[in-house]
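What follows is a set of notes on a single structure, which appears directly below.
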Amino acid sequence: MPHAILVDLTECVGCGACRDACQQVHHFPQEECTQLDAHNFTTLRQIETAEGEEVFARQMCQHCQDPACASACLVGALEKTRDGAVTWDTDKCIGCRYCMVACPFDIPKYEWNSNNPKVRKCTMCYQERHLRADATTDSEGYVLDRSGKRVSIDGRLVTGEDRDMIVEMTTNSESKRATACSVACPMGATVFGERSALLAEAHRRLRANPDTYVQKVYGQKEVGGTSVFYLSSMPFEKLGFSTKVGTEGLPDRTWRVLEKLPDVVLTAGVALSAVYWITNRREDVRKYEEELKKQRSQQKS
Amino acid sequence: MVALFVILFVVTLLGVDLLIQARSKQYPIMAAAPAGKALAPERETLRIPKSVFFHPGHTWARLQDGDSLEVGIDDFVQKALGGIDRVLLPNVGDFVRQGDAVITVGHAGKQLSLVAPASGYVRAVNRDAVENPGMVSENPYRDGWLMMIEPAELARNLSMLHVAENAVTWIKDEVKRFREFLSASAAEPALVGEAMFDGGAPMAGVLEQLDDQHVHDFEQQFLR
Amino acid sequence: MKLSLSRITFWKATAAVFLLGGLVTTIIRFGWGLGASTNLSDMTPWGLWIGFDVVTGVGLAAGGFTLAGIVHIFHIKRFHPIVRPAILTAFLGYCLVIVGLLFDLGRPWAIWHALIYQNPHSVLFEVAMCVMTYTAVLALEFSPVVLERFRLQKILKVVKAITVPLIILGILLSMLHQSSLGSLYLIVPQKMHPYWYSPMLPVLFFVSAISVGLGMTIVESYLSARAFQKTLETPLLRDLARIMIGVLLVYFMMRGIDLFRRDALGYLLDGSFETFMLYLEVAFMLVIPLLLFNIRDWGRSRQGLFFTAFSVVLGFITNRLNVTMTSLEGYYRDNFGVSYFPGIGELAITISIVTVGFVIFALAVKYLPIFPHHEEETVLRLDSAPARATSASMHPSPASELRRH
Chain A
1 MPHAILVDLT
11 ECVGCGACRD
21 ACQQVHHFPQ
31 EECTQLDAHN
41 FTTLRQIETA
51 EGEEVFARQM
61 CQHCQDPACA
71 SACLVGALEK
81 TRDGAVTWDT
91 DKCIGCRYCM
101 VACPFDIPKY
111 EWNSNNPKVR
121 KCTMCYQERH
131 LRADATTDSE
141 GYVLDRSGKR
151 VSIDGRLVTG
161 EDRDMIVEMT
171 TNSESKRATA
181 CSVACPMGAT
191 VFGERSALLA
201 EAHRRLRANP
211 DTYVQKVYGQ
221 KEVGGTSVFY
231 LSSMPFEKLG
241 FSTKVGTEGL
251 PDRTWRVLEK
261 LPDVVLTAGV
271 ALSAVYWITN
281 RREDVRKYEE
291 ELKKQRSQQK
301 S
Chain B
1 MVALFVILFV
11 VTLLGVDLLI
21 QARSKQYPIM
31 AAAPAGKALA
41 PERETLRIPK
51 SVFFHPGHTW
61 ARLQDGDSLE
71 VGIDDFVQKA
81 LGGIDRVLLP
91 NVGDFVRQGD
101 AVITVGHAGK
111 QLSLVAPASG
121 YVRAVNRDAV
131 ENPGMVSENP
141 YRDGWLMMIE
151 PAELARNLSM
161 LHVAENAVTW
171 IKDEVKRFRE
181 FLSASAAEPA
191 LVGEAMFDGG
201 APMAGVLEQL
211 DDQHVHDFEQ
221 QFLR
Chain C
1 MKLSLSRITF
11 WKATAAVFLL
21 GGLVTTIIRF
31 GWGLGASTNL
41 SDMTPWGLWI
51 GFDVVTGVGL
61 AAGGFTLAGI
71 VHIFHIKRFH
81 PIVRPAILTA
91 FLGYCLVIVG
101 LLFDLGRPWA
111 IWHALIYQNP
121 HSVLFEVAMC
131 VMTYTAVLAL
141 EFSPVVLERF
151 RLQKILKVVK
161 AITVPLIILG
171 ILLSMLHQSS
181 LGSLYLIVPQ
191 KMHPYWYSPM
201 LPVLFFVSAI
211 SVGLGMTIVE
221 SYLSARAFQK
231 TLETPLLRDL
241 ARIMIGVLLV
251 YFMMRGIDLF
261 RRDALGYLLD
271 GSFETFMLYL
281 EVAFMLVIPL
291 LLFNIRDWGR
301 SRQGLFFTAF
311 SVVLGFITNR
321 LNVTMTSLEG
331 YYRDNFGVSY
341 FPGIGELAIT
351 ISIVTVGFVI
361 FALAVKYLPI
371 FPHHEEETVL
381 RLDSAPARAT
391 SASMHPSPAS
401 ELRRH
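Line by line, the protein sequences give chains A, B and C. The numbering used here applies: residue 1 is where the first sequence begins, and numbers increase by one. The numbering used here applies: residue 1 is where the second sequence begins, and numbers increase by one. The numbering used here applies: residue 1 is where the third sequence begins, and numbers increase by one.
This is how it looks when you write it as structure tokens:
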């Protein structure tokens with residue numbers, strides 16, 4: 001069942017609880033931030049409207065339905081899971097950074113100052129949400145999975161203490177597992193849930209309060225649909241959202257070319273072989289005729 | 001900006017290279033440069049390829065794969081003329097005989113006719129060389145070839161020609177003979193280069209400075 | 001002799017300085033990471049190393065498949081003497097591209113992952129596979145040169161037996177990845193300037209690669225003539241230049257139609273930096289070569305052909321850097337307020353890689369039978385010194401070439 005996140009910016013008061021929770025659950029340094037980087041998967045930007053009102057724009061990975069990053073990654077380290085999250089596999093990545101170039105929202109960030117750098121971005125708490133509360137620990141206190149292997153999240157081994165913290169942070173008031181940001185939001189501005197249900201809820205809110213909202217669910221159609229939806233009282237371009245990304249899945253653009261390649265190779269291969277055969281044959285004929293000519297002139301003399 | 005920078009960088013490198021090239025031509029740092037005209041170093045040497053057959057009239061022939069002869073003029077004539085700016089060749093299909101004067105080359109108004117190094121039908125002429133005679137002085141033994149001949153009496157012809165060590169000895173003698181010719185025929189020794197008398201002699205372009213009579217003498221004594 | 005020495009010495013010293021800078025950067029790069037050695041950032045993840053070392057580099061090495069195709073598939077045997085230097089450049093070029101890539105990859109030790117974790121939907125995966133395979137193919141295409149040098153007749157025979165299939169494979173692989181380097185950018189339509197984003201990118205990349213492959217061959221031939229008196233005949237180079245110009249005309253016709261159909265021609269008078277760079281591209285790649293080639297004496301002289309081809313190479317570099325860098329500058333400026341300019345370390349590595357390329361090419365030309373049969377000759381000195389015999393060549397005959405016989 002694919003999940004999604006709905007962020008209603010009209011409900012957001014800019015407290016930063018989502019950001020703090022995100023930093024905490026991923027063991028990042030607790031700090032204010034205005035820009036996404038390798039240690040900040042979500043940010044809040046404060047924007048003043050013409051009327052002097054304050055609006056907060058939250059930014060995080062859109063978890064596209066057809067992600068450009070995953071299609072770009074040559075080793076398939078980025079993956080759109082059935083859960084809805086776009087995740088990244090530490091072990092596969094070779095560090096080419098094509099995902100960063102390809103992402104229409106410029107989300108993936110890089111550990112530039114590391115000698116073993118990782119690509120980092122919001123994973124919709126994928127691994128955290130799937131960490132079982134009853135997972136056992138070994139004698140050294142590390143959490144084990146069902147096959148008895150130590151569990152690691154982004155290359156970091158999980159201890160029993162970690163497990164308890166993570167499970168607590170990713171379990172919401174209805175005792176369901178959700179992203180740390182949605183659990184932490186005191187206003188209910190960020191909600192985690194089933195994608196189709198959230199989309200329906202978003203449209204219900206637009207219909208219920210047509211004066212409050214711009215009549216658009218950002219993320220529903222962008223780049224062919226995403227798993228993070230935004231509602232806003234202000235036009236999205238004024239909030240710094242990418243509004244020029246189009247409604248077509250970007251991977252289609254490269255796939256249209258890639259899918260033709262087998263045919264191109266086959267056609268060109270046959271054509272080249274044919275050209276070779278013809279020119280080679282012509283060369284042989286020419287040589288043979290020369291030989292004949294020589295023989296004839298010898299006979300004459 | 002990056003693109004612009006890279007392009008400017010590459011252009012600068014090329015510019016520096018051209019500048020160095022130009023400077024070194026202008027101010028030669030040669031050990032014993034002749035007082036008069038500064039000469040590029042390569043003009044002071046004569047090339048004698050090993051696989052080329054030389055006619056005593058300073059033309060050459062090279063056997064090509066198959067059965068044709070590549071023909072051209074040698075470095076000696078080209079240097080003596082000081083370059084080539086005019087080339088006249090027989091027509092394709094003509095029959096040329098070894099020793100017949102069939103090639104004409106010129107430079108700065110002076111003209112020389114040279115002989116065919118072997119007999120045969122002309123199968124091709126180097127049109128590029130005719131249109132751009134500079135090619136002949138640049139490399140008389142490769143790009144500067146003049147014509148292709150289908151040889152008629154190859155074995156007999158070849159016995160007349162100098163090759164390998166023989167060619168080197170012959171050219172050395174020719175250089176010596178040329179110097180004697182110059183000192184004997186020059187009305188004013190200064191014209192042909194004072195360096196000549198103290199051992200070394202620049203020969204590049206010397207013919208330019210001789211009058212027509214002496215050029216004619218040169219043709220008779222060296223190119224037949 | 002002393003003249004040319006001073007020039008060579010100058011370039012040797014310059015090369016040494018560049019290489020020293022490269023060495024220092026190498027230590028910083030692998031000791032402290034990309035952040036310490038480059039100006040790359042989260043906003044500008046790809047810089048000079050991808051734009052020049054990889055995307056431009058692969059294009060500049062396109063002479064290998066172009067000439068191998070002309071000579072061995074289309075049987076235009078006239079160009080046979082050019083195949084070897086072209087394949088050498090290609091092989092060298094691809095090796096250097098891989099070296100450049102190792103610098104740029106965050107985890108270079110994991111480069112082999114491309115072999116086992118395959119994502120067929122990724123353009124980069126296709127590029128990686130083709131570059132890898134093609135480098136191997138080039139090594140085989142180049143091997144006869146080494147085998148001849150060391151007289152390993154048996155292996156030589158085997159390699160020659162598979163020459164034609166090998167060359168066809170090489171052309172197919174080149175077609176795939178030369179075009180795919182353009183396809184890499186198809187995924188960012190909204191980030192690029194309309195001058196350079198086009199659904200036609202793959203085709204345009206492939207056609208321009210053919211023309212620059214020919215251009216590079218002419219340039220190399222001129223440079224090696226200057227350094228070693230080992231070269232090709234001018235009329236041959238002129239014919240090559242003629243094909244190059246033909247391909248360029250086709251390329252710019254496609255380019256013009258493409259710009260027109262996407263309504264991108266409207267920007268041509270806006271006086272922006274992008275427009276200037278587009279003009280620069282057209283000037284170097286089309287206008288200057290056309291003029292030089294048609295000036296009577298220039299177009300026929302070795303030097304004139306060199307400048308014609310060199311201009312095409314410059315134009316090609318401009319084009320690739322325009323696609324990879326210039327076209328994105330506006331996006332970076334508007335969205336993040338940043339601009340990327342390579343750091344001194346990035347420049348040092350790029351220049352070092354190019355320098356290493358020059359050095360290896362020079363050594364190969366000197367010690368391996370790359371340029372055709374250079375006959376031995378005696379050089380007689382006319383000054384006071386007695387005649388001195390020098391050997392101008394080390395290999396006795398053109399021997400056999402990369403061709404079945």
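For each residue, glycine too, the CB sits at the ideal point set by N, CA and C.
- A Cβ-Cβ contact shorter than 9 angstroms links Phe-79 (chain C) with Asp-239 (chain C).
- With distances taken between CA atoms, Ser-224 (chain C) lies nearest to C:Phe-371 out of C:Phe-371, C:Leu-186, C:Leu-181, C:Leu-380.
- Contact of Phe-10 (chain C) with chain B by beta-carbon distance below 9 angstroms involves Val-16, Asp-17, Ile-20.
- Taking 9 angstroms as the cut-off between beta carbons, the residues of the region 274–285 of chain C near chain B are Phe-276, Met-277, Leu-280, Glu-281, Phe-284, in sequence order.
- Contact with chain C is found for Lys-244 (chain A), since one of that chain's Cβ atoms lies less than 9 angstroms from the residue's Cβ.
- Sequence-distant partners of Cys-130 (chain C) (beyond 5 residues in either direction) whose C-beta falls short of 6 angstroms from its own C-beta, in its chain, are Leu-173, Leu-176, His-177.
- The beta carbon of Ser-51 (chain B) sits closer than 9 angstroms to some beta carbon of chain C.
- By DSSP's assignment, Ser-152 (chain A) forms a beta bridge with A:Leu-157.
- 9 angstroms or more divides the Cβ of Asp-42 (chain C) from the Cβ of Asp-154 (chain A).
- For a Cβ distance threshold of 8 angstroms, nothing in chain B lies close to Phe-150 (chain C): the least Cβ distance comes to about 25 angstroms.
- Flagged as an interface residue toward chain C: Glu-283 (chain A), by a C-beta distance shorter than 9 angstroms.
- For Val-206 (chain B), there is no enclosing beta strand (DSSP E), as DSSP marks it with neither H nor E.
- A distance below 7 angstroms between beta-carbons, with the five flanking residues on each side excluded, links Met-60 (chain A) to the following residues of its chain, in chain order: Phe-41, Thr-42, Cys-122, Val-228.
- One thing to note: Val-247 (chain C) has its Cβ within 9 angstroms of the Cβ of Ile-210 (chain C).
- In the structure shown, Leu-169 (chain C) falls within a helical segment according to DSSP collapsed to helix, strand and coil.
- Nearest to Ser-208 (chain C) by alpha-carbon distance, out of C:Pro-45, C:Gln-190, C:Glu-329, C:Val-55, is C:Val-55.
- Not flagged as an interface residue toward chain C: Ser-196 (chain A), since no C-beta distance is shorter than 9 angstroms.
- Beyond the five residues adjoining it in sequence on each side, Glu-11 (chain A) comes within less than 7 angstroms, by CB distance, of Met-187, Gly-188, Ala-189 in the same chain, given in chain order.
- What Met-216 (chain C) touches in chain B, judged by beta-carbon distance under 8 angstroms, is nothing: the nearest beta carbon there is about 13 angstroms away.
- Within the DSSP secondary-structure output, Gln-64 (chain B) pairs in a beta bridge with B:Ser-68.
- Lys-216 (chain A) and Val-55 (chain A) have their C-alpha atoms spaced approximately 17 angstroms apart.
- Residues of the region 159–171 of chain B whose Cβ lies closer than 7 angstroms to any Cβ of chain C, in chain order: Val-168, Ile-171.
- At least 9 angstroms separates the beta-carbon of Phe-76 (chain B) from that of Pro-117 (chain B).
- For His-3 (chain A), the uninterrupted beta strand (DSSP E) segment begins and ends at 3–8.
- For the options A:Ala-68, A:Val-257, A:Ala-57, the alpha carbon positioned closest to that of Cys-33 (chain A) is the one of A:Ala-57.
- Per DSSP, Pro-289 (chain C) lies in no beta strand (DSSP E) segment; the continuous alpha helix (DSSP H) that holds it begins and ends at 288–294.
- If you check each beta-carbon in the region 112–144 of chain A against every beta-carbon of chain C, the ones closer than 7 angstroms belong to Trp-112, Asn-113, Ser-114, Asn-115, Asn-116, Pro-117.
- When C-beta distances to chain B are compared with 8 angstroms, the residues of the region 318–345 of chain C below that value are Thr-318, Leu-321, Asn-322, Met-325, Thr-326, Glu-329, Ser-339, Tyr-340, Phe-341, Pro-342, in chain order.
- Residue contact with chain C for Val-75 (chain A): present (Cβ-Cβ distance below 9 angstroms to some residue of chain C).
- With respect to the 9 angstroms criterion, Gln-46 (chain A) and Thr-226 (chain A) are not classified as neighbours on the basis of their beta carbons.
- Tyr-117 (chain C) counts as buried, since no fewer than 16 other beta carbons sit within 10 angstroms of its beta carbon.
- Using a 10 angstroms sphere on the CB of Glu-70 (chain B), the tally of other CB atoms reaches 16 or more, which defines it as buried.
- Taking a cut-off of 8 angstroms for Cβ pairs, the region 12–30 of chain A and the region 95–112 of chain A do not touch, as fewer than three such pairs fall below it.
- Glu-141 (chain C) sits buried, since 16 or more C-beta atoms from the chains shown fall within 10 Å of its C-beta.
- Within the region 44–76 of chain C, the residues whose Cβ lies closer than 9 angstroms to some Cβ of chain B are Gly-47, Leu-48, Gly-51, Phe-52, Thr-56, listed in chain order.
- For Gln-98 (chain B), the pairing in a beta bridge is given by DSSP as B:Ala-116.
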